[in-house]
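Residue numbers (my numbering): 1085 to 1423.
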Amino acid sequence: MSNLVALTDQWDRKTTVYQLGIKPRRHLVWRLFIVNTAVIVVAYSVLAFSPLTVKSPLRPLQGGVFSLVGLLAVTAVNTLVIRRSLGPLVRLTDAMRHVDPLRPGERVEVSPAGDEVTELGMAFNEMLRRLEDERRESVRRTLLAQEAERVEVARDLHDEIGQRLTALLLQLDYLAVESPADNLEAVEAARENARGTLEEVRRLARSLRPEVLDELGLSSALRDLADRFGSSSNVAVSSTIQRGLPELSREAELVVYRVAQESLTNVVRHAHATDVRIELSARDHYVSLRVADNGSGIRGEPEGAGIKGMRERAVLIGGRLGISARDGGGVEVRLDVPV
1085 MSNLVALTDQ
1095 WDRKTTVYQL
1105 GIKPRRHLVW
1115 RLFIVNTAVI
1125 VVAYSVLAFS
1135 PLTVKSPLRP
1145 LQGGVFSLVG
1155 LLAVTAVNTL
1165 VIRRSLGPLV
1175 RLTDAMRHVD
1185 PLRPGERVEV
1195 SPAGDEVTEL
1205 GMAFNEMLRR
1215 LEDERRESVR
1225 RTLLAQEAER
1235 VEVARDLHDE
1245 IGQRLTALLL
1255 QLDYLAVESP
1265 ADNLEAVEAA
1275 RENARGTLEE
1285 VRRLARSLRP
1295 EVLDELGLSS
1305 ALRDLADRFG
1315 SSSNVAVSST
1325 IQRGLPELSR
1335 EAELVVYRVA
1345 QESLTNVVRH
1355 AHATDVRIEL
1365 SARDHYVSLR
1375 VADNGSGIRG
1385 EPEGAGIKGM
1395 RERAVLIGGR
1405 LGISARDGGG
1415 VEVRLDVPV
């Protein structure tokens, strides 16, 4: 039974190698053994057939010198051979450490040698591809579930809470007319509080699910987003939208909108900026969103949940998200979406 299992494992390994397009070669251990044996044979041949002669009896000093020279020569050759053989493995290990799942498309460089290091590199690249596909699908399911919940909550806010507050405003309007003069001030204060609460509920509903994005498209939604953030904060928000942009899928438009929304939220909360600029343009088969501010910039803090959420959304649509410090101060967020 154990022999059968061993044969099955061996067959699986060979099948995997052929599926990756690699021809099986000698193992690294055997190659190192062959090279070391060749070095020893060459060193022995040089000593055996060399025209140099040594007087007999051999003095201890001469023997020590010959032994030391031979040992150093063999050691040097062995070091070069081992370094050359294991160097790609060290580079591969270093590349593996720097791969980031939130920055898809990164692959380790694979040498055409066809040895174990090549097999390991190709297997690692194949594993990265599968992980990226699985992560993209997982992120897609998660974000779609989140958006569905947002739509449901926005609908409840608009239809239930909004209508109740509207009815309350109507009642307060009636009381303002019918109440005596000494109660009028209290009724007016209650009416203003109800009106403010109604506006806040509508703002929350719009932020949860932007109706303008569904009705008028991405360009109008970004302009509306800039206007709303500019009017509700002390930050001047301007938008520049290129005309004739390529058409994006609804999923991609939603990702672009959410990245812009999260970027503006981070600016208002953390950047202490006075000016923010939103740009949407097309170039080199990409639609690019750029959100730049003049705030305090990147302070070396670890990325928070908001930035990680933006990166996951970019992964969902195969986009590239970059966050960098501006020369004059502030931060620039850039999202490139393939058309």
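We put the beta carbon where it would ideally sit given N, CA and C, even for glycine.
Gly1246 and Ala1232 have their C-alpha atoms some 20 Å from each other. If you check the CB distance, Ile1325 and Ala1344 do not come in under 8 Å. Approximately 7 Å separates the beta-carbon atoms of Glu1337 and Leu1297; this is inside 8 Å, confirming the contact. CA-to-CA, the gap between Val1161 and Ile1118 works out to about 13 Å. With respect to the C-alpha of Met1180, the residue from Glu1193, Arg1115, Arg1168 having the closest C-alpha is Glu1193. Take Val1351, set aside five residues on each side of it, and the residues of its chain with a beta-carbon closer than 7 Å to its own are Val1319, Ala1357, Val1360, Asp1377, Gly1379, in chain order.
Comparing C-alpha distances from Glu1200 to each of Pro1422, Lys1392, Ile1407, Trp1114 shows the shortest one belongs to Trp1114. In this structure, the straight-line span from the alpha carbon of Ala1157 to that of Arg1191 is close to 39 Å. Per DSSP, Leu1241 lies in no beta strand (DSSP E) segment and is marked neither H nor E.
With a cutoff of 8 Å on beta-carbon distance, Arg1342 and Leu1292 are scored as not near each other. The straight-line gap separating the alpha-carbon atoms of Val1126 and Asn1120 is approximately 10 Å. CA-to-CA, the gap between Leu1419 and Glu1276 works out to about 41 Å.
DSSP places Leu1364 inside the beta strand (DSSP E), whose first and last residues are 1359-1367. Contact between Leu1400 and Arg1220 holds: CB atoms are separated by about 6 Å, below the 8 Å threshold. When C-alpha distances from Leu1173 are compared across Asp1184, Phe1208, Leu1152, Gly1154, the shortest belongs to Phe1208.
Residues Pro1294, Val1296, Leu1297, Tyr1341 of the same chain have their beta carbon placed closer than 7 Å to that of Ala1305, with the five preceding and five following residues left out of the count.
Residue state for Ile1401 is assigned as coil, using DSSP reduced to three classes. One thing to note: Met1394 has its Cβ within 8 Å of the Cβ of Glu1346.
DSSP places Arg1418 in the strand class (E or B) of the three-state scheme.
Less than 8 Å separates the beta-carbon of Ala1278 from that of Leu1249.
Going by DSSP, Asp1308 is part of the alpha helix (DSSP H) stretching over 1302-1316.
Going by beta carbons, Val1371 and Val1339 fall outside the 8 Å limit.
In this structure, the beta-carbon distance from Leu1309 to Ala1366 does not fall below 8 Å. Remark: C-beta atoms of Leu1241 and Leu1288 approach each other more closely than 8 Å. Following the DSSP letters along the chain, one finds Ala1270 inside the alpha helix (DSSP H) bounded by residues 1265-1292.
For Ser1323, the beta-bridge partners assigned by DSSP are Ile1362. For Glu1385, same chain residues with a beta-carbon under 8 Å away, outside a window of 5 residues either side, do not exist.
Leu1170 and Thr1226 have their C-alpha atoms roughly 42 Å apart.
In the displayed model, Val1375 falls within a strand according to three-state DSSP. In the DSSP assignment, Leu1338 falls within the alpha helix (DSSP H) that extends over 1334-1350. Gly1406 has its alpha-carbon roughly 17 Å from the corresponding atom of His1369.
Comparing C-alpha distances from His1354 to each of Ser1263, Gly1390, Arg1168 shows the shortest one belongs to Gly1390. Straight through space, the alpha carbons of Leu1373 and Asp1411 are spaced by roughly 19 Å.
Looking at the DSSP output, Ala1229 sits in no beta bridge, so it has no partner there.
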